[in-house]
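Asks: So the sequence shown is residues 1 to 395, counted in UniProt numbering. Note that beta-carbon positions come from the ideal geometry of N, C-alpha and C, so glycine has one too.
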Amino acid sequence: MTINKLAVKVLTVASSGFFLLIIAKSITAKPTFLTNLSNRRLQNSIESLRQEMDIPGASIAVIDNGKISWAKGFGIADKITQREVTTSTLFTANSITKVQTSLAVVKLLADKGIALDEPVNRYLKSWKIPKNQFTAKVPVTFRMLLNHTAALTSPYPDGCCGPKETLPTVKQFLNGKPPATNPPVTVTNVPGEKFAYCNGCYSVLQPAIEDVGDKPFKRLMNELVIQPAKMMNSTFDDEFFLEDSSTIAIPYDSDGSVHKKAPMRSTILSPGLLWTTATDLALFNLAFTRALKGEGTLINQRLAEALIIPSSTPTRSLGFFIVNKNAQEDSKGDYLSHSGSNIGYLSLSIISKDGKKGAVILINKGPNPFTTTEIPEYSFITDSLKLISKYNRWD
Numbered sequence: 001m002t003i004n005k006l007a008v009k010v011l012t013v014a015s016s017g018f019f020l021l022i023i024a025k026s027i028t029a030k031p032t033f034l035t036n037l038s039n040r041r042l043q044n045s046i047e048s049l050r051q052e053m054d055i056p057g058a059s060i061a062v063i064d065n066g067k068i069s070w071a072k073g074f075g076i077a078d079k080i081t082q083r084e085v086t087t088s089t090l091f092t093a094n095s096i097t098k099v100q101t102s103l104a105v106v107k108l109l110a111d112k113g114i115a116l117d118e119p120v121n122r123y124l125k126s127w128k129i130p131k132n133q134f135t136a137k138v139p140v141t142f143r144m145l146l147n148h149t150a151a152l153t154s155p156y157p158d159g160c161c162g163p164k165e166t167l168p169t170v171k172q173f174l175n176g177k178p179p180a181t182n183p184p185v186t187v188t189n190v191p192g193e194k195f196a197y198c199n200g201c202y203s204v205l206q207p208a209i210e211d212v213g214d215k216p217f218k219r220l221m222n223e224l225v226i227q228p229a230k231m232m233n234s235t236f237d238d239e240f241f242l243e244d245s246s247t248i249a250i251p252y253d254s255d256g257s258v259h260k261k262a263p264m265r266s267t268i269l270s271p272g273l274l275w276t277t278a279t280d281l282a283l284f285n286l287a288f289t290r291a292l293k294g295e296g297t298l299i300n301q302r303l304a305e306a307l308i309i310p311s312s313t314p315t316r317s318l319g320f321f322i323v324n325k326n327a328q329e330d331s332k333g334d335y336l337s338h339s340g341s342n343i344g345y346l347s348l349s350i351i352s353k354d355g356k357k358g359a360v361i362l363i364n365k366g367p368n369p370f371t372t373t374e375i376p377e378y379s380f381i382t383d384s385l386k387l388i389s390k391y392n393r394w395d
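(1) Would you identify the three-state DSSP class for K107, choosing helix, strand or coil?
(2) Less than 7 Å separating the beta-carbons of S347 and N233?
(3) Kindly indicate the opening and closing residues of the alpha helix (DSSP H) around A282.
(4) Could you round the C-beta distance between T279 and A71 to whole angstroms and report it? I think they count as a contact, below 8 Å.
(5) Less than 6 Å between C-beta atoms, sequence neighbours within five positions excluded: which residues of the same chain meet that for K128?
(6) Go ahead and pull the three-state DSSP assignment for S203.
(7) Just verifying my parser: in three-state terms, what is the DSSP assignment at T28?
(8) If I measure Cβ to Cβ from H338 and keep anything under 7 Å in the same chain, skipping five residues before and after, which residues do I get?
(9) Along the chain, where does the alpha helix (DSSP H) containing I388 start, and where does it finish?
(10) Suppose you measure from the CA of G192 to the CA of K131; what does that come to, to the nearest Å?
(11) Check L346 in the structure and name its three-state DSSP category.
(12) Using only the alpha-carbon positions, how far apart do R219 and T135 sit?
(13) On the CB-based measure, 16 or more other CB atoms within 10 Å of its CB, does R316 come out buried or exposed?
(14) Buried or exposed: I60, going by 16 or more other Cβ atoms within 10 Å of its Cβ?
(15) Is it buried or exposed, Q206, if we count other Cβ atoms within 10 angstroms and call 16 or more buried?
(16) Applying the criterion that 16 or more other CB atoms from any shown protein chain within 10 Å of the CB defines a buried residue, is Y197 buried or exposed?
(17) Classify residue 403: buried if its beta carbon has 16 or more other beta carbons within 10 angstroms, exposed otherwise.
(18) Relative to the C-alpha of S352, which candidate in S341, I248, Y335 has its C-alpha closest?
(19) Shortest alpha-carbon distance to N182 belongs to which of F370, W394, S384, L385?
(20) Kindly confirm or deny that the segment 171 to 188 and the segment 133 to 153 touch, where touching means at least three C-beta pairs closer than 8 Å.
(21) Please report the Cβ distance between I268 and S203, rounded to the nearest whole angstrom; I am assuming they are in contact, meaning their Cβ atoms lie under 8 Å.
(22) Between which two residues does the alpha helix (DSSP H) holding K137 run?
(23) Are the CB atoms of K107 and I299 within a distance shorter than 7 Å?
(24) Taking the alpha carbon of Y345 as the reference point, which residue from S48, D253, D237 has its own alpha carbon closest?
(25) L116 and F142 - do their beta-carbons sit closer together than 7 Å?
(26) Can you name, in chain order, every residue of its own chain whose Cβ lies under 7 Å from the Cβ of N189, other than the five neighbours on each side?
(27) Would you mind working out which of I248, P228, A229, K230 sits nearest D237, comparing C-alpha positions?
(28) Taking C-beta to C-beta, are K261 and G162 nearer than 7 Å?
(29) Assuming the contact rule is C-beta atoms closer than 8 Å, S126 and K171 should be a hit. Round their C-beta distance to whole Å, please.
(30) Would you kindly work out how many angstroms separate the C-alpha atoms of P271 and N199, rounded to a whole number?
(31) Output needed for S69: all residues of its chain with C-beta closer than 6 Å, excluding positions within five of it in sequence on either side, in chain order.
(32) Assign I226 to one of three DSSP states: helix, strand, or coil.
(33) Would a C-beta distance cut-off of 7 Å place L292 and A304 closer than the cut-off?
(34) Would you mind sorting P179 into buried or exposed? The rule is 16 or more other CB atoms within 10 Å of its CB.
(35) Provide the residue span of the alpha helix (DSSP H) that contains A304, from first to last.
(36) Can you tell me whether G294 is buried or exposed, with buried defined as 16 or more other CB within 10 angstroms of its CB?
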């Protein structure tokens with residue numbers, strides 16, 4: 001073969017390879033284009049729903065194929081300044097916080113060699129669960145606090161404290177002493193007998209892990225959860241917004257007015273006062289589902305699995321509710337979820353057990369959930385989730 005013929009042959013092969021490469025790139029680019037188009041349509045549908053339901057602002061992150069597909073702010077964080085919601089705007093996670101608290105508790109107790117079924121009073125130093133005829137029969141354990149079977153009263157009848165009110169100490173809060181406005185936390189039935197959603201249970205977990213870990217709650221949560229999950233825009237600080245509220249979504253009542261007692265503050269942070277973003281909660285969910293596979297540094301696989309095993313009910317584990325794709329409790333569901341409500345804030349977190357599909361939705365409108373069970377604004381969250389499920393084919 002002559003040099004010229006060889007050159008032509010090589011050029012032909014090279015040209016064919018180049019052509020095939022172009023085709024390959026076109027093939028891979030097409031699904032990406034379609035995905036982006038679908039995401040835009042989904043976001044437009046959510047925005048239309050937000051306007052229709054008169055929700056001031058929302059922060060949403062969507063997980064697809066095991067990663068954050070998109071995150072976006074919708075609407076307004078502050079009506080007065082017309083500041084828009086961005087992906088870094090802070091909302092309260094509300095009771096989604098219980099998921100992070102439960103993980104911290106399980107992780108810390110394992111590190112200290114303390115079993116979940118040990119009595120909590122054995123380790124509480126700064127305050128004790130009051131003894132009565134019910135605790136005489138069965139002592140309250142860490143497991144009971146985590147799975148809502150400790151039969152403790154709720155310390156949140158009125159939402160505690162607004163920005164300008166004096167905060168009680170943890171001891172005053174749990175004992176129901178001024179300036180706390182709640183009744184004391186006490187056991188009202190035999191512990192461990194039945195599930196009853198329990199803010200009091202998660203309130204007691206805060207001093208419990210402080211006494212076990214010998215550190216302030218905020219520091220423990222940073223070390224055990226926030227830093228390993230890379231939740232860089234999350235905090236348990238409830239004072240940062242007092243002088244400058246430009247980083248938060250202002251909480252609005254159902255009539256559109258600013259809540260007078262919000263943002264809510266409390267000495268007790270463990271049941272629902274994590275400040276965060278939809279993106280950060282999605283990162284936590286991904287880190288947790290990786291832990292279920294034995295990956296990452298958030299928590300070891302054995303402990304992660306313990307957090308999702310049904311405990312007090314067929315759909316309630318130590319850390320999550322077991323649900324279907326619509327976030328409805330379902331013992332055969334393939335998803336892990338927790339929702340939340342606070343004064344002027346509503347939230348939902350959901351992820352499939354395999355970590356491939358999920359969403360986090362945060363909004364800044366709602367009534368005082370401590371005084372009413374009617375929360376019509378939550379329909380925006382459930383309807384948005386249905387749209388996300390539909391567009392992302394959560395079959």
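Replies: In short, the structure shows the following:
(1) What you label residue 107 is simply residue 107 of the sequence shown in a count that begins at 1. Helix.
(2) To locate residue 347, count along the sequence shown from 1; it is residue 347. To locate residue 233, count along the sequence shown from 1; it is residue 233. No, Cβ-Cβ distance for S347 and N233 is not below 7 Å.
(3) For the purposes of this step, residue 282 is taken as the residue at position 282 of the sequence shown. Counting along the chain, the alpha helix (DSSP H) containing A282 begins and ends at 278 to 292.
(4) Residue 279 sits at position 279 when you count from the first residue of the sequence shown. Residue 71 sits at position 71 when you count from the first residue of the sequence shown. That belief holds up - the Cβ atoms of T279 and A71 are roughly 5 Å apart, short of 8 Å.
(5) As a first step, residue 128 is located in the sequence shown; it is residue number 128 there, counting from the start. Closer than 6 Å at the Cβ level, and outside the excluded window around K128, lie N121.
(6) For the purposes of this step, residue 203 is identified with residue 203 of the sequence shown, where counting begins at 1. Helix.
(7) Within the sequence shown, residue 28 is the residue found at index 28, counting from 1. Residue confidence for T28 is low, a pLDDT of 40 falling below 50, so the modelled location carries little weight; the figure read from the coordinates is stated next. Helix at T28.
(8) What you label residue 338 is simply residue 338 of the sequence shown in a count that begins at 1. Only S95, I96, K98, V99, F320, F321, S349 meet the Cβ criterion.
(9) For this step, residue 388 is matched to residue 388 along the sequence shown. 378 to 391 is the span of the alpha helix (DSSP H), which, as asked, contains I388.
(10) Within the sequence shown, residue 192 is the residue found at index 192, counting from 1. Within the sequence shown, residue 131 is the residue found at index 131, counting from 1. Looking at the two C-alpha atoms, the distance is approximately 15 Å.
(11) In the sequence shown, the residue the question calls residue 346 occupies position 346. Looking at L346 - three-state DSSP - the assignment turns out to be strand.
(12) One-based indexing of the sequence shown puts residue 219 at position 219. One-based indexing of the sequence shown puts residue 135 at position 135. Spanning the two alpha carbons is a distance of roughly 31 Å.
(13) The residue given as residue 316 occupies position 316 in the sequence shown. Buried, because 16 or more other Cβ atoms sit within 10 Å of the Cβ of R316.
(14) For the purposes of this step, residue 60 is identified with residue 60 of the sequence shown, where counting begins at 1. Note on I60: 16 or more other CB atoms within 10 angstroms of its CB, so buried under the neighbour-count rule.
(15) Numbered from its first residue, the sequence shown carries residue 206 at position 206. Buried.
(16) Position 197 of the sequence shown, counted from the first residue, corresponds to residue 197. Counting Cβ neighbours within 10 Å, Y197 comes out exposed, since fewer than 16 surround it.
(17) Lying before the first or after the last residue shown, residue 403 is absent from the chain, which here runs from 1 to 395.
(18) Sequence index remark: in the sequence shown, residue 352 carries index 352 (1-based). The option with the nearest alpha carbon to S352 is Y335.
(19) The residue given as residue 182 occupies position 182 in the sequence shown. Here the closest residue by C-alpha is F370.
(20) yes
(21) Here the question's residue 268 lines up with position 268 in the sequence shown. Here the question's residue 203 lines up with position 203 in the sequence shown. In this structure I268 touches S203 by the C-beta definition: roughly 5 Å separates them, less than 8 Å.
(22) The count along the sequence shown starts at 1 and reaches residue 137 at position 137. Unbroken alpha helix (DSSP H) run through K137: 133 to 137.
(23) In the sequence shown, the residue the question calls residue 299 occupies position 299. In the sequence shown, the residue the question calls residue 107 occupies position 107. Yes, they are a contact pair.
(24) Residue mapping note: residue 345 aligns to position 345 of the sequence shown, counting from 1. Residue D253 is the option with its Cα nearest to Y345.
(25) Position 142 of the sequence shown holds residue 142. Position 116 of the sequence shown holds residue 116. Yes.
(26) Taking the first residue of the sequence shown as position 1, residue 189 is located at position 189. So the list reads F134, A151, once near-sequence residues are dropped.
(27) Residue mapping note: residue 237 aligns to position 237 of the sequence shown, counting from 1. For the residues I248, P228, A229, K230, the minimum Cα distance to D237 belongs to I248.
(28) On the sequence shown, position 261 is the one that residue 261 refers to. On the sequence shown, position 162 is the one that residue 162 refers to. Remark: C-beta atoms of K261 and G162 approach each other more closely than 7 Å.
(29) As a position in the sequence shown, residue 126 is number 126, starting the count at 1. As a position in the sequence shown, residue 171 is number 171, starting the count at 1. So it is a contact: roughly 6 Å between Cβ atoms.
(30) Translated into the one-based positions of the sequence shown, residue 271 becomes position 271. Translated into the one-based positions of the sequence shown, residue 199 becomes position 199. Each residue's Cα considered, the two are about 6 Å apart.
(31) Taking the first residue of the sequence shown as position 1, residue 69 is located at position 69. Correct list, in chain order: V62.
(32) Taking the sequence shown and counting its residues from 1, the one referred to as residue 226 is at position 226. If DSSP states are grouped into helix, strand and coil, I226 belongs with the helices.
(33) Residue mapping note: residue 292 aligns to position 292 of the sequence shown, counting from 1. Residue mapping note: residue 304 aligns to position 304 of the sequence shown, counting from 1. Cβ distance < 7 Å, so L292 and A304 count as in contact.
(34) On the sequence shown, residue 179 is found 179 positions in, with the first residue counted as 1. Counting Cβ neighbours within 10 Å, P179 comes out exposed, since fewer than 16 surround it.
(35) Position 304 of the sequence shown, counted from the first residue, corresponds to residue 304. Counting along the chain, the alpha helix (DSSP H) containing A304 begins and ends at 301 to 306.
(36) Your numbering for residue 294 matches position 294 in the sequence shown. With fewer than 16 Cβ atoms within 10 Å of its Cβ, G294 is classed as exposed.
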